[in-house]
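Below: one structure, written as structure tokens.
In this note's numbering, the protein residues as written are 15 to 335.
Encoded structure:
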């Protein structure tokens, strides 16, 4: 009798949810991502590696676990916090296709799915699949690229189980301030500002050293800030004879320029501004201004997916049109 009463109570609470008069910001955001993300294409890329569960308890449906993982990234939640959210928040259960009256993934299951994606390098695979989806809709253009990097901080404290800082993270100086962590380097198209390339390094690796990995090879023009000065002279770019390089001058040099060249610098800066939009989504919308994991590989996998979500949100008005 107690079991039947519990089932009736849950059914009633779900009915109450359907009849409520106002949508929360979370519900609106999840509906938005439901429409934007090409779920079937992404599931197809994962399905070949996903365990079939012949022995023991059957695995959760791939579609449910992928959606749980995406929500964990949307809201920058730990594994235990994601498990709690599934028990507490009806809109998140509905997004994942789960019910409170059924079995819900626990924090270990959520952790194992994340490790599964990392072990097969699927973060990068899904990022490329999202970009294919965007290209089919005519959104990623190939004529010009903007390159830039941002520092993502890591804990510098040694008050942890090992008594050491993360050996894969390093410190670097920007201006007069020191930072400890990693760098996310991106290449974006210079028309819509969508990310086409992602690389991650320790924070002490110079921006210019990674440029070759951020260019797809078909660019007619490349934009970068003053940190990329001299990039066209590096051996890996000697074959790019048809590429125009629009690299910003250092502030001290700009003050000595005539009015014409000052305007040229402003024009370069207006194009380069597009590269800040993806960083805003990753750091402010998805809250990833600090690393969540030790080591570069796990953070690299997560950043590829956040780059994919950022591209979808930036291209939203074109996709829905």
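Note that CB positions come from ideal geometry on N, CA and C, so glycine has one too.
With 16 or more other CB atoms across the displayed protein chains lying within 10 angstroms of its CB, residue 137 is buried.
Within the segment 83-124, complete alpha helix (DSSP H) segments of at least 4 residues are found at 93-102 and 104-110, given in chain order. Ranking 315, 275, 265 and 319 by CA distance to the CA of residue 135 puts 315 first. Residue 110 and residue 119 have their C-alpha atoms spaced approximately 11 Å apart. Around the beta carbon of residue 115, a 10 Å sphere encloses fewer than 16 other beta carbons of the protein chains shown; the residue is thus reported as exposed. If one requires a minimum length of 3 residues, the beta strand (DSSP E) runs lying completely within the segment 158-188 are 158-167 and 184-188, in chain order.
Residue 320 holds the alpha-carbon nearest to the alpha-carbon of residue 139 among 163, 320, 333 and 334. Under the three-state reduction of DSSP, residue 233 is assigned to coil, being neither helix nor strand.
When 175, 72 and 82 are compared, the shortest CA-CA separation from residue 53 is found for 82. Here residue 178 has 172 as same chain residues with Cβ atoms under 8 Å from its own Cβ, once five neighbours each way along the sequence are excluded. In this structure, DSSP gives residue 219 a state outside helix and strand, which the three-state scheme calls coil.
In the pairwise beta carbon analysis, the segment 149-161 is classified as not touching the segment 181-197: fewer than three pairs are separated by under 8 Å. Taking all protein chains shown into account, residue 233 has 16 or more neighbouring C-beta atoms within 10 Å of its C-beta and is therefore buried.
The residues 179 and 194, in chain order, have a CB closer than 7 Å to that of residue 170 in the same chain once the five nearest residues on each side in sequence are set aside.
Taking the C-beta atoms as reference points, residue 163 is found no nearer than 8 Å to residue 183. Boundaries of the alpha helix (DSSP H) around residue 332: 330-334.
Under the three-state reduction of DSSP, residue 255 is assigned to coil, being neither helix nor strand. Residue range 290-294 is occupied by the alpha helix (DSSP H) that includes residue 291, with no beta strand (DSSP E) assigned at that position. Annotation for residue 239: 162, 262 and 286 place their beta carbon closer than 7 Å to its own, counting only its chain and skipping 5 residues before and after.
Of 44, 187 and 219, the smallest CA-CA separation from residue 108 is found for 44.
By the criterion of a C-beta distance shorter than 8 Å, residue 276 is surrounded in its chain by 268, once the five residues flanking it on both sides are discounted. DSSP, read as helix, strand or coil, puts residue 147 in helix. Annotated as distal: residue 282 and residue 300, with beta-carbon spacing of 8 Å or more. Check the Cα spacing between residue 189 and each of 40, 165, 98 and 212: the tightest is with 165.
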